[in-house]
Amino acid sequence: MSEQLTADVTIDARGAGCPGPLMDLIGKVKTADSGTVLKLQTSDRGSVTDVPEWVEKAGHELVETVEHDDYWSIYVQKA
Amino acid sequence: MNGYALVIATDEFEKITAASIIGSIAAASDIPVDVFVTMNGLRPFEHEVVETRDFATGPLGEAMLTSEETEVPLFTEQFRDAKEMGPMNLYACTMAMEMWGRELDDYVDIFDGELGVSGFLTKASDKQVVFV
Numbered sequence: 015m016s017e018q019l020t021a022d023v024t025i026d027a028r029g030a031g032c033p034g035p036l037m038d039l040i041g042k043v044k045t046a047d048s049g050t051v052l053k054l055q056t057s058d059r060g061s062v063t064d065v066p067e068w069v070e071k072a073g074h075e076l077v078e079t080v081e082h083d084d085y086w087s088i089y090v091q092k093a
Numbered sequence: 081m082n083g084y085a086l087v088i089a090t091d092e093f094e095k096i097t098a099a100s101i102i103g104s105i106a107a108a109s110d111i112p113v114d115v116f117v118t119m120n121g122l123r124p125f126e127h128e129v130v131e132t133r134d135f136a137t138g139p140l141g142e143a144m145l146t147s148e149e150t151e152v153p154l155f156t157e158q159f160r161d162a163k164e165m166g167p168m169n170l171y172a173c174t175m176a177m178e179m180w181g182r183e184l185d186d187y188v189d190i191f192d193g194e195l196g197v198s199g200f201l202t203k204a205s206d207k208q209v210v211f212v
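These protein sequences, in sequence, are chains G and S. Take our numbering: the last position of the first sequence gets the number 93, and nothing is skipped along the way. Take our numbering: the last position of the second sequence gets the number 212, and nothing is skipped along the way.
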């Protein structure tokens, strides 16, 4: 399932603590075109719940969150 | 309400860090944020204090400053990044600066200017005030 997901932009924020991953995502979302799919890689457990909260409030779409051994990939599509 | 007015009156590293995180995400999300740094809160923004990491820290602050596993940006860097991404302005309290015997140049270069109480109240008039 997760291997079939594709992203236009990959953000590797592994190793960064809160709010680094979300700040990185927001920065990329702001400059991306509508419809762009972004993959945020994060090892910060808090981002797994915090990023979807921001995505919903900002009006974008949370495509999927994929758990790996020691990090997560959060796929977001810009509205 | 149109954003947040953060008052930083503490020199406690953890509280300032928390304020920088919350304010940064708000500003990056295009929510206006004005930060008013006053009283003891000004000291951690001094060049020398930042360079020597001479902060008033508790156990968590120590862990944040020394962690090798998790990269946690210093609050000054956090504010600087936020200012580049959204509507955030930082102001130093004129009265507190005078009491400390400092000028704006004595602080890290993230302030947009200095303010008195009336100036801050004007900027905060349409915002939710958060006091730290």
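Backbone N, C-alpha and C define an ideal beta-carbon position, used for all residues, glycine too.
query, result
"8 Å Cβ cutoff, S/Pro-153 in contact with chain G", "yes"
"Helix, strand or coil at G/Ser-7 according to DSSP, with G and I counted as helix", "Summary: the structure shown does not reach residue 7 of chain G, with chain G confined to residues 15 through 93, and so no result is reported for it."
"Neighbourhood of S/His-127 by C-beta, 8 Å cutoff - its chain only, sequence neighbours within 5 removed", "Asp-186, Tyr-187, Val-188"
"Interface flag, S/Ile-105 vs chain G, CB-CB below 8 Å", "yes"
"8 Å Cβ shell around S/Ala-204 - same chain, five flanking residues per side excluded", "Ala-85, Asp-114, Phe-116"
"Under the three-state DSSP convention, the category S/Glu-183 falls into", "coil"
"Contact list for G/Trp-68 against chain S, beta-carbon separation under 8 Å", "Ile-105, Ser-109"
"Any 3 or more C-beta pairs closer than 8 Å across the stretch 29-41 of chain G and the stretch 49-67 of chain G", "yes"
"Burial state of G/Asp-83 (16 or more Cβ within 10 Å)", "exposed"
"Reduced DSSP secondary structure (H/G/I, E/B, other) of S/Ile-190", "coil"
"CB contact flag (S/Ala-107, S/Pro-167, <8 Å)", "yes"
"Residue(s) in a DSSP beta bridge with S/Met-168", "S/Val-113"
"Residues from the stretch 41-71 of chain G in contact with chain S, defined by Cβ distance under 9 Å", "Gly-41, Lys-44, Ser-57, Asp-58, Asp-64, Trp-68, Lys-71"
"CA-to-CA distance, S/Phe-200 to S/Asp-192, given in whole angstroms", "13 Å"
"Beta-carbon proximity of S/Pro-124 to S/Phe-135, cut-off 8 Å", "yes"
"S/Glu-94, DSSP secondary structure in three states", "helix"
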